[in-house]
Each structure stands twice: as C-alpha cells, then as structure tokens.
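Student:
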Amino acid sequence: MKSKVKSTIVFFLCLIIIGFLAYSGAYGVTLGGYELKPFSKVITRGLDLQGGVSVLEEIQGKNVDESTIERTIELLSLRVNKLGVSETVVAREGKNRIRIDIPGKFDAKEVTDGVAKTGELKFVGPDNKTILTGKDVKDATASLDSQNSSQAVINLEFNKDGTKKFSDATAKFIGKKITIYLDEEVLTDPQVDAHITDGKAIISGNMTLKEAQRKANLIKSGALPVTVKPVQVKTVGASLGANALPLSILAGEIGIGLVMLFMLLYYRLPGLIADIALALYVYIVLAAFANIGVTLTLAGIAGFLLTVGMAVDANILIFERTKEELKSGRTIKASIDAGFRRAMTSILDSNITTIISGFILYSIGTGSVKGFALTLIIGTILSMFTAITVTRTLMKLAANMGWFNHKQTIGTFGVHDFRKGVVK
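Take 50 as the starting number for the sequence shown in my numbering and just add one per residue.
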C-alpha cells in the first residue's frame, strides 16, 4: 500500500513538472521577477524562416594557409557586424569558402559590396593626416602586460618604411593620440607616451587577451589578406520568411499531434505514457537548441520532426516486446523490465547508425544540410534518453499503482486474467 501511494505521488509530480515545462516552453512564464521566455523568442531562426541575405564568398588563390583564412573570417565578421544586424552568421564552408548569413537585410548588393571590399587599415594623427597604412605593419601580436598580468597589450612591429614614418609621428605627437582605423571604424586610439625609433611599439589599455588578439589580427591583416569573390547570393524575402515559420510550426503541431493520437488509440495507457515522455522530449530538444545556439532552418525542422518519429519508434519496439512477454505468461512488472531490456539492442542499433549518418552529413555537408544533420544528431541522442529512461520510469510507476490491472488500459497488449495477473 505504501509503495502504491509513493508511486502515485511521484507519478503525478512528474506530470506536473513536465506540464509546467511544456507550458513555459510554449507560452513563457514569469516567476518572482524571473522570466522564462518561450522558445519562439530564444531560438535563433535561419534566413528561410525570417528572410535576409545569404552570400557564399570564395577565396581566390591557391595554397592559402589556415591562419590567413581565420583572419579573413574575422575581418568579414567585423564588417558584417557594422551593418547593425543581430544573429549574423559568418562561418567557413568547405575548404576555401565562407558563408555569410545576414537576417533582416534584403539589399544583396549592399551586403556584397560592404563585406568583400579590399578595405584599408591606417594610422591617423590628431591632425587627421594618415601617418602609415597596413602595408607598413610587419607584425602584430597580443600578450599579457608584463607589469599587470590581468591586462593584455598589443605588440606592433613595423617594416623599414613604417619604422621611419612611425618614428617621425611619435616624435611629433608625444602626449597626443594616434588613431588606428579599419574601413573608417576605430580599432583603437592609444596615446603616444614616448618617441619610438626602433619600429616596435606596445598598445596598452583595458583589454582582455581575447580582445587584444582580435585587434592584433585585424591590424596584422591590414585589409582582407586575400581576395574573396561572391559565388552565390541568395535573398529570402521578408514575407516569404514570415510565412514559412507559422506554416512550419503548424506542420510540426499536426505531425506531433497525429503521432500522439495514434499512440493513445493503439496502446491506450502505455501510449499515453509515451505521449507524456514525448512532450518532455520536445521540450528538452528545443531547450538544447536554445542553449547550444542552433540556428533553426526549414531543413532543421525536418530533422527535428524525423527524430520525433524515431522517439516514438523506440517506444513501439518496447511496447511490442512487452506484449510478447505478457503473452508468454510473465507478470506485468516482469514484462515491462524484459520488454525494455530486449528492445534495447534494436533501439541502440537504429539510433547509433542514425547518429553516425548525421555526423557524416555534418562534416561534409554545407548550409542547410549542416542544419539538418545537427538537429538530427541532437534529437536522436535525446530521444534515446526519453524513450529508455523517462518512459520506463513512468511505466513502472503506473504498474506499481495498479493501472495495468484492467484490460481496458492496455490496448492491444492482450486479454488480462485478473486472478493470475498475466495476459492470455
């Protein structure tokens, strides 16, 4: 009797928690001044769901080293951020291509002209005259300040021409600032504290090592270190993107709803338990998308819905194995344990092969294929957790409460013999 009461309390406590999570994920909740935002506000949406411009730039030239490509991506990121758009994506694609996704911008020419131009790095004195350019910079690195280990500095080294120009400027502007510009944007404006004649200077200030490294890379690059050429430009209209999202959500709701209805009608109480686990699964997956920073696209939604079907498929394997154990004469609890144990091999085989396929797609795919693969991998991993752990726990709690002692609750499991506690 104590076990039944305890199982009942735990079961309904699980229902309350899962129900709260599902509601907060769908509509958001405010508790004591702390707001849990709905997933619609925290998950980053791709261009095909909100509209914008996608540009695929190709690096011109052969045998470009990795450090040069990284500096190019850093510079392109800086230029894209100047457009004032949030949720931009600048990422390497393949061996020598860089994809730039800018949501909310619809002038493709403005984007391509703005991010792929050669650019110019220049040192400007307080008299607004250019002292030297990026061509005069030999090297720029970042390091921790020897006198203050909590602060970082930028170490500059100039070539022969740059050394002479910088020496003349520092002699002229002691106590004044020399501003370093990149594409008319101020990178830093340090004050000249001494006459520097050896072509080596240190820029100090309130900088973290990461920030100093970023600025050093930009100064060292001077401008884009390589020429990039747009090989693909795609514009998704605002109205098309706006229509795609609600239609995608509707398709997802219908698909998940039909799956839940089938499970409920065919398996009854076990199907209801599978539906509860599925609701938790949807929440966990979307929470993972939000925390990892997944950019959700139409292809990603397709991958997510595919994993929903796989999560239910695992439950079906478990229920069918449980049914076979019941027919062999085992008790309800023993059948549940055996059903989960014997279905495990099939579940692991199917899911592991799917995960391997997802990793292959992600490693060699591009664009929307990567989005599909990422959502597929995350969803498949989490589906195993809910199917194996959550469903099993709820099934055992329901069995302890005696809910499987009535033939009306077990759907197609068989005809129950109440005296023997087995299924004929």
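Using N, Cα and C, we set each Cβ at its ideal position, and we do this for glycine too.
Go ahead and label residue 120 buried or exposed: buried means 16 or more other beta carbons lie within 10 angstroms of its beta carbon, across all protein chains shown.
Tutor: On the sequence shown, residue 120 is found 71 positions in, with the first residue counted as 1. The residue is buried, with at least 16 neighbouring Cβ atoms inside 10 Å.
Student: Can you grab the Cα-Cα spacing for the pair residue 180 / residue 225, in whole Å?
Tutor: Here residue 180 refers to the residue found at position 131 when the sequence shown is read from its first residue. Here residue 225 refers to the residue found at position 176 when the sequence shown is read from its first residue. Taking the straight line from one Cα to the other gives about 14 Å.
Student: Classify residue 94 as helix, strand or coil using the three-state DSSP reduction.
Tutor: Position 45 of the sequence shown holds residue 94. In the structure shown, residue 94 sits in a strand (DSSP, three-state: E or B).
Student: What is the residue span of the beta strand (DSSP E) that residue 437 lies within?
Tutor: As a working mapping, residue 437 is identified with position 388 in the sequence shown. No beta strand (DSSP E) contains residue 437, which DSSP labels as neither H nor E.
Student: Please state the DSSP three-state secondary structure of residue 469.
Tutor: Walking along the sequence shown from the start, residue 469 turns up at place 420. In this prediction, residue 469 has a pLDDT of 45, which is less than 50 and means its spatial position is unreliable; nothing more can be read from the coordinates.
Student: If you drop the 5 nearest sequence neighbours on each side, which residues of the same chain put their C-beta closer than 6 Å to that of residue 400?
Tutor: Translated into the one-based positions of the sequence shown, residue 400 becomes position 351. The answer, listed in chain order, is 429 and 433.
Student: With a Cβ-Cβ cutoff of 8 Å, do residue 248 and residue 206 count as a contact?
Tutor: In the sequence shown, residue 248 corresponds to position 199, counting from 1. In the sequence shown, residue 206 corresponds to position 157, counting from 1. Against a cut-off of 8 Å, the Cβ pair of residue 206 and residue 248 comes out as a contact.
Student: Per DSSP, what kind of secondary structure is residue 203 in: helix, strand or coil?
Tutor: For this step, residue 203 is matched to residue 154 along the sequence shown. Strand, per DSSP.
Student: Let me know if residue 267 comes out buried or exposed under the rule of 16 or more other beta-carbons within 10 Å of its beta-carbon.
Tutor: Locating residue 267 in the sequence shown gives position 218, counting from the first residue. Its Cβ being crowded by 16 or more others within 10 Å, residue 267 is buried.
Student: Distance check for residue 155 and residue 222, CA to CA, integer angstroms please.
Tutor: As a first step, residue 222 is located in the sequence shown; it is residue number 173 there, counting from the start. As a first step, residue 155 is located in the sequence shown; it is residue number 106 there, counting from the start. Going from the Cα of residue 222 to the Cα of residue 155 covers about 45 Å.
Student: If you compare alpha carbons, which of 310, 285 and 337 is closest to residue 100?
Tutor: On the sequence shown, residue 100 is found 51 positions in, with the first residue counted as 1. Checked all of 310, 285 and 337; the closest Cα to residue 100 is 285.
Student: Tell me, to the nearest whole angstrom, how far the beta carbon of residue 146 is from that of residue 84; I am working on the premise that it is less than 8 Å.
Tutor: Looking up residue 146 in the sequence shown gives position 97. Looking up residue 84 in the sequence shown gives position 35. With a Cβ gap of about 40 Å, residue 146 and residue 84 do not count as contacting.
Student: Distance check for residue 325 and residue 73, CA to CA, integer angstroms please.
Tutor: Position 24 of the sequence shown, counted from the start, is the residue given in the question as residue 73. Position 276 of the sequence shown, counted from the start, is the residue given in the question as residue 325. For residue 73 and residue 325, the distance between alpha carbons rounds to 16 Å.
Student: Starting from the Cα of residue 341, find the closest Cα among 294, 420, 278 and 159 and give me that residue.
Tutor: On the sequence shown, position 292 is the one that residue 341 refers to. Of the candidates 294, 420, 278 and 159, the one whose C-alpha sits nearest the C-alpha of residue 341 is 420.
Student: What would DSSP say about residue 82, mapped onto helix, strand or coil?
Tutor: By one-based count along the sequence shown, residue 82 stands at place 33. Coil, per DSSP.
Student: Could you compute how far the alpha carbon of residue 320 sits from the alpha carbon of residue 309?
Tutor: As a working mapping, residue 320 is identified with position 271 in the sequence shown. As a working mapping, residue 309 is identified with position 260 in the sequence shown. The alpha-carbon atoms of residue 320 and residue 309 are separated by roughly 8 Å.
Student: How long is the line joining the alpha carbons of residue 466 and residue 354, rounded to whole angstroms?
Tutor: For the purposes of this step, residue 466 is taken as the residue at position 417 of the sequence shown. For the purposes of this step, residue 354 is taken as the residue at position 305 of the sequence shown. In this predicted model, residue 466 has a pLDDT of only 44, less than 50, meaning its place in the structure is not dependable; the value taken from the coordinates is given anyway. Going by the C-alpha atoms only, they are around 39 Å apart.
Student: Note down, one range per segment and in chain order, each beta strand (DSSP E) of at least 3 residues found wholly within the segment 186-239.
Tutor: 186-193, 201-207, 228-231 and 234-237, all fully within the segment 186-239.
Student: Would you kindly report the start and end of the unbroken beta strand (DSSP E) that includes residue 286?
Tutor: As a working note, residue 286 is residue 237 in the sequence shown. Element bounds for residue 286: n/a, residue is neither H nor E.
Student: List the DSSP bridge partners of residue 109.
Tutor: The residue you call residue 109 lines up with position 60 of the sequence shown. Paired residue(s): 276.
Student: Using only the alpha-carbon positions, how far apart do residue 104 and residue 281 sit?
Tutor: For the purposes of this step, residue 104 is taken as residue 55 along the sequence shown, with counting starting at 1. For the purposes of this step, residue 281 is taken as residue 232 along the sequence shown, with counting starting at 1. Residue 104 and residue 281: Cα-Cα distance of roughly 6 Å.
Student: Identify the continuous alpha helix (DSSP H) that holds residue 373 and give its terminal residues.
Tutor: As a working note, residue 373 is residue 324 in the sequence shown. First-last of the alpha helix (DSSP H) with residue 373: 347-376.
Student: Cα-Cα, which of 448, 412, 344 and 274 is closest to residue 137?
Tutor: Translated into positions along the sequence shown, residue 137 becomes position 88. The shortest Cα separation from residue 137 among 448, 412, 344 and 274 belongs to 344.
Student: Which value, in whole angstroms, describes the spacing of the CA atoms of residue 98 and residue 140?
Tutor: Along the sequence shown, one-based indexing puts residue 98 at 49. Along the sequence shown, one-based indexing puts residue 140 at 91. Approximately 19 Å between the Cα atoms of the pair.
Student: Could you tell me the distance, in whole angstroms, from the CA atom of residue 381 to the CA atom of residue 315?
Tutor: The residue you call residue 381 lines up with position 332 of the sequence shown. The residue you call residue 315 lines up with position 266 of the sequence shown. The alpha-carbon atoms of residue 381 and residue 315 are separated by roughly 18 Å.
Student: How far does the alpha helix (DSSP H) with residue 391 in it extend, from its first residue to its last?
Tutor: Locating residue 391 in the sequence shown gives position 342, counting from the first residue. It spans 381-413 - the alpha helix (DSSP H) in which residue 391 sits, taken as one unbroken run.
Student: State the Cα-Cα distance for the pair residue 269 and residue 423, rounded to the nearest angstrom.
Tutor: Within the sequence shown, the letter at position 220 stands for residue 269. Within the sequence shown, the letter at position 374 stands for residue 423. Roughly 35 Å separates the two Cα atoms.
Student: Within the same chain, show all residues whose beta-carbon is closer than 6 Å to that of residue 255, passing over the 5 residues directly before and after it, in chain order.
Tutor: Along the sequence shown, read from residue 1 onward, the residue named residue 255 stands at position 206. Cβ within range, chain order: n/a, list empty.
Student: Taking only the alpha-carbon atoms, compute the straight-line gap between residue 114 and residue 242 and give it to the nearest angstrom.
Tutor: Numbered from its first residue, the sequence shown carries residue 114 at position 65. Numbered from its first residue, the sequence shown carries residue 242 at position 193. Taking the straight line from one Cα to the other gives about 37 Å.
Student: Taking residue 350 as the reference, which of 80, 95 and 70 has the closest Cα?
Tutor: Counted from its first residue, the sequence shown places residue 350 at position 301. Per the Cα distances, 95.
Student: Per DSSP, residue 179 is paired with what?
Tutor: As a first step, residue 179 must be located in the sequence shown, where it is residue number 130. Partner(s): 173.
Student: Counting C-beta neighbours from all protein chains within 10 Å, is the total for residue 52 16 or more, i.e. buried, or is it exposed?
Tutor: Counted from its first residue, the sequence shown places residue 52 at position 3. Flag for residue 52 reads exposed.
Student: Specify, as a first and last residue, the run of the alpha helix (DSSP H) that residue 334 falls within.
Tutor: Position 285 of the sequence shown, counted from the first residue, corresponds to residue 334. Segment 318-341, the alpha helix (DSSP H) holding residue 334.
Student: Should residue 276 go down as buried or exposed, given a rule of 16 or more other Cβ atoms within 10 Å for buried?
Tutor: As a position in the sequence shown, residue 276 is number 227, starting the count at 1. Flag for residue 276 reads exposed.
Student: Throw me the rounded Cβ distance for the residue 204 and residue 195 pair, which I believe falls under 8 Å.
Tutor: The residue you call residue 204 lines up with position 155 of the sequence shown. The residue you call residue 195 lines up with position 146 of the sequence shown. Between residue 195 and residue 204 the Cβ distance is about 11 Å, and since that is not below 8 Å, they are no contact.
Student: In terms of alpha-carbon separation, which member of 263, 215 and 109 lies closest to residue 187?
Tutor: Position 138 of the sequence shown, counted from the start, is the residue given in the question as residue 187. That would be 215, whose Cα lies nearest to the Cα of residue 187.
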